[in-house]
Structures are given as structure tokens and as C-alpha cells.
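As numbered in my numbering, residues 10 to 104 make up the sequence shown, in order. Glycine included, each C-beta is placed from N, C-alpha and C at the ideal position. In this text the structure is predicted, and so the values were computed from the model without any measurement. Structure, as C-alpha cells:
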Amino acid sequence: LGDEQLAQRSDELGSWFLGEIANIKHPEIREVRGRGLLIGMELTVPARKYCEALKDLGMLCKETHDKVIRIAPPLVIERDDLRWAVEKLREVFAG
Numbered sequence: 010l011g012d013e014q015l016a017q018r019s020d021e022l023g024s025w026f027l028g029e030i031a032n033i034k035h036p037e038i039r040e041v042r043g044r045g046l047l048i049g050m051e052l053t054v055p056a057r058k059y060c061e062a063l064k065d066l067g068m069l070c071k072e073t074h075d076k077v078i079r080i081a082p083p084l085v086i087e088r089d090d091l092r093w094a095v096e097k098l099r100e101v102f103a104g
């Protein structure tokens, strides 16, 4: 963890990633929260349909507690990959 500064990268990229996801506006998104690269999107509806739609676009995430989309990318992820993920999230929530 220390040699690659993964904890520091996680904090830096996670802050950016969280901000980008928080900018996605949709009536079914109740709250976006996270720490490092672990992000949770709490919805007002069951999260499964969104997780399945994201999977169909090539993005893996996990439905947790029925109404939360959990996003947990690897610590070695690059910013370009996170940008791609943000675009997939925007696409899914755009309908």
C-alpha cells in the first residue's frame, strides 16, 4: 500500500469521484456518500434495476440494503477509468 501510495491516491481520486457522482441530479437519488474510493448512492427506490443497467454497460457495482448502489473500484484505478464510470452512471440515470 505504501510503495504505490494507494491510500493517498484513494483519498484524492475518491474526493474527485464523489464530487462528480454527487453532481448527477435525478429524483430517485437521495444521497451520495463515500470515503476514499468506496462510494454509496442511496436511492428512493430499489437499486437493482440501476445495478443491472450498469452491468449491461460494463460497470460492476453492488446493490446493498435494497436501495444503495455500492461502487468500490480497485485502489489502482486510473482517473480515466473513473471518468468512464461517471459517464455510465450519467447514462443510466438519464434514462
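Closest residue to residue i among the options (Cα-Cα distance)
i             : options                    : result
tryptophan 25 : Lys71, Lys34, Arg44, Pro36 : Arg44
DSSP-derived helix/strand/coil call for residue i
i             : result
valine 41     : strand
valine 107    : Given a span of 10 to 104 for the chain in the structure shown, any question on residue 107 remains unanswerable.
valine 107    : Because the chain here runs from 10 to 104, residue 107 falls outside it and cannot be looked at.
leucine 22    : helix
isoleucine 33 : coil
leucine 69    : coil
glutamate 13  : coil
leucine 46    : coil
Beta-carbon separation (whole angstroms), residue i vs residue j, contact threshold 8 Å
i          : j         : result
leucine 52 : lysine 76 : 5 Å
For the region 85-95 and the region 52-62, state whether three or more C-beta atom pairs, one from each stretch, are separated by less than 8 Å.
-> no
Does the count of Cβ pairs from the region 31-45 and the region 61-71 closer than 8 Å reach three?
-> no
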